[in-house]
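What follows is one structure encoded as structure tokens, with my remarks underneath.
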């Protein structure tokens, strides 16, 4: 073995690209590569969960239009249509239908809540007389030198 660095030896050794966030690399913990990652969330340092510029490129590469072909054009067309919703008569009718349904459900919830309150008041005010449990008397077991108390003793 020689004491020369690998660059001068002839074969270059490639470093593995860093995929973890800067905070996980500094703490030397395993990063799950989410934003914010699990370890940063647990450590309550989510604002410090930052991926370096080389890490961001590795995690989410942006394909060029030549690589992706016609799919990118179709997706961008759909996203443009989603950003600019057209207000039509059917959309207005759907909105009114949703409002009516919301009002109906809210009334139903209010009605059920009032029934629950009335039922709870009846249950608390009238306990059944035959359902009481008599307290158990503890049993004593005696020997010549000690007493043991079995059962509920406090």
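In full-length UniProt numbering, the protein residues as written are 1 to 154.
Note that the Cβ used here is the ideal one computed from N, Cα and C, for glycine as well.
Query                                                                                                                                              : Result
Alpha carbons only, please: which of 94, 37 and 18 is nearest the one belonging to residue 46?                                                     : 37
Given this structure, state the Cα-to-Cα distance separating residue 12 from residue 52, to the nearest angstrom.                                  : 24 Å
Within the continuous alpha helix (DSSP H) that includes residue 26, where are the two ends?                                                       : 22 to 27
Beta-carbon within less than 7 Å of residue 25's beta-carbon, same chain only, minus the 5 sequence neighbours each way: which residues are those? : 18
Taking DSSP as the reference, what is the three-state secondary structure of residue 18?                                                           : coil
Would you grab the beta carbon distance between residue 23 and residue 49 for me? Rounded to a whole angstrom, and I think it's under 8 Å.         : 6 Å
Within 10 angstroms of the Cβ of residue 114, are there 16 or more other Cβ atoms? Answer buried if so, exposed if not.                            : exposed
Just curious, the alpha helix (DSSP H) that residue 41 is in, first and last residue?                                                              : 38 to 42
By DSSP, does residue 13 sit in helix, in strand, or in coil?                                                                                      : coil
Return helix, strand or coil for residue 116, following the three-state DSSP convention.                                                           : helix
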